[in-house]
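Q:
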Amino acid sequence: MLSAVGLGLRVFLLLVASVVLGLSVSLAKQQVVGSVPTETGFSVFAGAAAFFASSVGMVAMWFDRVDQRIAMILDTLVSTFYLAAAVSLTVALKPVSSCIATDEVTEYSRMTNKITSGGCLTIDGELACLHATGPDGTDLTPARCEMAHAGYIFEYVGFISGIAMVTACYLLSRQGRGGTPTPNRSYQ
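All the letters of the sequence shown, read from the start, carry residue numbers -22 to -1, 1 to 166 under mature numbering (1 follows the signal peptide of the UniProt record, and there is no 0).
1. Residues in its own chain within less than 8 Å of residue 71 by CB, not counting five upstream and five downstream?
2. So, does the region 56 to 69 touch the region 13 to 23, judging by three or more C-beta pairs under 8 Å?
3. DSSP three-state label for residue 101, please.
4. By Cβ distance, which residues of its chain are closer than 6 Å to residue -1, with the 5 residues on each side in sequence left out?
5. Would a C-beta distance cut-off of 8 Å place residue 39 and residue -17 closer than the cut-off?
6. Please name the residue in 89, 146, 138, 4 whose C-alpha comes closest to that of residue 177.
7. In the DSSP assignment, find the unbroken alpha helix (DSSP H) run with residue 47 in it and report its ends.
8. When you compare only the Cα positions, how much space is there between residue 5 and residue 149?
9. Should residue 10 and residue 109 be called a contact, given that it needs their Cβ atoms to be closer than 8 Å?
10. Sort out for me which residues DSSP pairs residue 106 with in a bridge.
11. For residue 29, I'd like the list of residues in its chain whose CB is within less than 8 Å of its CB, leaving aside the five on either flank, ordered along the chain.
12. Starting from residue -4, trace the alpha helix (DSSP H) both ways and give me its first and last residue.
13. I need the boundaries of the alpha helix (DSSP H) containing residue 32, first residue and last residue.
14. Compute the distance between the beta-carbons of residue 113 and residue 78, then report whether it is under 8 Å.
15. Taking Cβ positions, are residue 53 and residue 31 nearer each other than 8 Å?
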């Protein structure tokens, strides 16, 4: 499948996987208190799986020993992971109405959100999100919020591109078997 469309989609999928992996790992590294939220951890997994699948797909384009069906199965699986990761991040960020608004309600929702806060503690029965602000008092949550939003947007893009890749692989492999069925001319 050394077509321009196939190669372009493979390269694009590799770039999307790199971006998703980078954003997700950055969010995970900023989780100072407690464990990394499940949504962020799954996004890291989806990005890593997509990077692996894209690499296998690139190899399958040039070497006949690697079956294209393996790449198609991996692309389908990764597309499912992308969709699940994107939906879970979207749901986790639903309470956050804006990443940049400065009103108290929005800031509170960002500071207490498990994805954007960097982790919270319960001190004397009250929630304390000590790592939502920097040492100088600057709010760190808008940048984390925008990273999380970019992460799930790229996951949706990865899902759509993965489905496009599976479709392109199927159509191109079908052409290799003769493409669309030709009429049977044996009756002549």
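Note that beta-carbon positions come from the ideal geometry of N, C-alpha and C, so glycine has one too.
A: Taking the geometry as given:
1. 91, 93, 94, 123, 126, 127, 130
2. yes
3. strand
4. none
5. yes
6. The structure shown does not extend to residue 177, since the chain is modelled only from -22 through 166, so no value can be given for it.
7. 46 to 70
8. 38 Å
9. yes
10. 99
11. -9, -6, -5, -2
12. -19 to 7
13. 16 to 40
14. no
15. yes
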